[in-house]
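Have a look at the structure below, then the notes.
Number of protein chains: 2
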Amino acid sequence: MLELYHFEAAANSMKPLLCLHEKGVDFVSRQLNQDGKRWEQYSDWFLKINPDGQVPVLVHDGKVIVESTVINEYIEDVFPGGVSLRPHDPYWRARMRIWTKYVDEYVCPALTVIGANFATPFAQKIDKAEMDEVLSRIPLDGPRRKWETVSSTGYSEEELADARRRLGVAVGRAEASLGEHDWLAGPAYSLADVNAYSMISGAERVAPEALNGTASPRVFEWLRRMDERPAVKMVLASYGRRPAPTRAA
Amino acid sequence: MLELYHFEAAANSMKPLLCLHEKGVDFVSRQLNQDGKRWEQYSDWFLKINPDGQVPVLVHDGKVIVESTVINEYIEDVFPGGVSLRPHDPYWRARMRIWTKYVDEYVCPALTVIGANFATPFAQKIDKAEMDEVLSRIPLDGPRRKWETVSSTGYSEEELADARRRLGVAVGRAEASLGEHDWLAGPAYSLADVNAYSMISGAERVAPEALNGTASPRVFEWLRRMDERPAVKMVLASYGRRPAPTRAA
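Protein chains in written order, with the working numbering: chain S, 127 to 375; chain W, 127 to 375.
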């Protein structure tokens, strides 16, 4: 049995959802409740599956695989049939991995700050004793500090500006890359596109100064092509908070 | 032709050096000068090879591969013979990738702070106009900010303490993992060991409160096993600043 524990189809949870749908691999969706005050990823039952309290998690015949980017390479290793999302040529495969790594290490932390900032009004309303109890159950220091920050001071203007600046740098890099070939990391659609789209497809709405069609026409054309993919539409319709985006002209 | 541009055998540069030596793959070493005031990684000739100004870089028949962790997967993709450093079983392969990712995302930034801090006395003596000229040539914001920091204020005590704390967290995670199997990410030696050893083999000297034989006996036994590997000895003898470490009892 193949089970995926995930949140709604966005960011890290979208990556394996999109990979599985692109490849047509059957799986059982275990969508965690993301409503405020549930914190299901830190519940006792989920911490037994992933002691780090992070989603997504793939469970394949009882074997637990964590980390969305690793999960997608695992899916390619175990289900090489169907649409290939990993180039056969080692050079283009390396280019794909350079992009997935860049998204994980440079883009994701910036988007985490921008995204978490939206949770500040909600988090600051939570009773302090209750929030302290939640914080005490968060295993990893990164997410714990994030929730400590948004439930107290919030991120500073400097931190938010730097996160938007980093997102802009990444969009510029994507724009240059898409000037060289049709897809983000080479001539073929790959896990790099899956990874980057999952992270930045909603950035136009939350950071329009960093991602907009005027400054980044190739990135926008690529986003529109991605929006139209049947797997993207299916994933957003099944697990998304909203349907596939309508991009500004 | 296979060429590796690298610094001395430590941290990210050690990863592909060790991988190539373990597998017995012939290559041409292009070791950059690391002496102060050279900044060879930001020179015009090197920026033509890697516009990001980062080492190591593998150049294979003219194709440029960057990012040490991606380089090592590329070496396994192109030279699958010899010692296999990537498990054939997809589950253990995923575990290997979870570890290399963790080292890159969590351990490396902490060690960068600890390591860069040692460069503070040297960097603060550099003439400001000269340093500004160097800073203007550093393409990536991460390394540029690092050198801005060490050449001016240096890292704060809080930042250094947090880096040592993070290193301690990672050592604790390695200690637990080595309690489950002989090698860091599973029953077999893999790129996870190559990656982690390259980063932390010198940490006993610079952060003994985070890495010492009393608190982490399994990590120490693993480090000693690694120290004795012929490839490790060869790499340190050929490209290292010092020979293989003698571990404290």
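Every residue gets a Cβ at the ideal spot worked out from N, C-alpha and C, and that includes glycine. Note that the coordinates shown come from a computational prediction; the quantities given were computed from them, not determined experimentally.
>> Distance cutoff 7 Å, beta carbons only. Does A220/S sit that close to anything in chain W?
In response: yes
> Given V295/S, which residues of its chain have a CB within under 8 Å of its CB, disregarding the five upstream and five downstream residues?
Replying inline: Y232
> How close, in whole Å, do the beta carbons of M352/W and D319/W come, if the pair is a contact with beta carbons under 8 Å?
Replying inline: 7 Å
> What residues from chain W crowd round V183/S, counting only those whose CB sits closer than 8 Å?
Replying inline: Near V183/S there are no residues of chain W at all, since even the closest Cβ is about 12 Å away, more than 8 Å.
>> Pop quiz: V181/S and S139/S are said to be a contact at Cβ under 8 Å. What is the actual Cβ separation, rounded to whole angstroms?
In response: 6 Å
> So, using beta-carbon positions, are I391/S and A300/S closer together than 7 Å?
Replying inline: The displayed coordinates of chain S run from 127 to 375. Any statement about residue 391/S would go beyond what the structure contains.
>> Applying the 10 Å Cβ sphere with the 16-neighbour rule, what's the burial state of E256/S?
In response: exposed
>> Using beta carbons (cut-off 7 Å, strictly below), is V204/W in contact with chain S?
In response: yes
> Quick one: what does DSSP say E129/W is sitting in, helix, strand or coil?
Replying inline: strand
> If you draw a straight line from the C-alpha of I264/S to the C-alpha of V196/S, how long is it?
Replying inline: 22 Å
>> I'd like the span of the alpha helix (DSSP H) that includes V376/W, first residue to last.
In response: Nothing in the structure corresponds to residue 376/W, since chain W is present only between 127 and 375.
> Quick one: what does DSSP say V151/W is sitting in, helix, strand or coil?
Replying inline: coil
>> Between which two residues does the alpha helix (DSSP H) holding I240/S run?
In response: 234-244
> Checking contacts by CB at 7 Å: is I224/S closer than that to chain W?
Replying inline: yes
> Applying the criterion that 16 or more other CB atoms from any shown protein chain within 10 Å of the CB defines a buried residue, is N159/W buried or exposed?
Replying inline: exposed
>> Under 7 Å, Cβ to Cβ, is there at least one residue of chain S near P356/W?
In response: no
> Under a Cβ-count criterion, where at least 16 other Cβ atoms within 10 Å of its own Cβ denotes burial, should V154/S be classed as buried or exposed?
Replying inline: exposed
> What number of angstroms, rounded off, separates the C-alpha of A336/S from the C-alpha of C234/S?
Replying inline: 14 Å
> Going along the chain, which residues of the region 245-256 of chain W sit with their C-beta nearer than 8 Å to a C-beta in chain S?
Replying inline: none
> Sorted by chain position, which residues of the same chain lie with C-beta nearer than 7 Å to G150/S's C-beta, five sequence neighbours on each side aside?
Replying inline: G208
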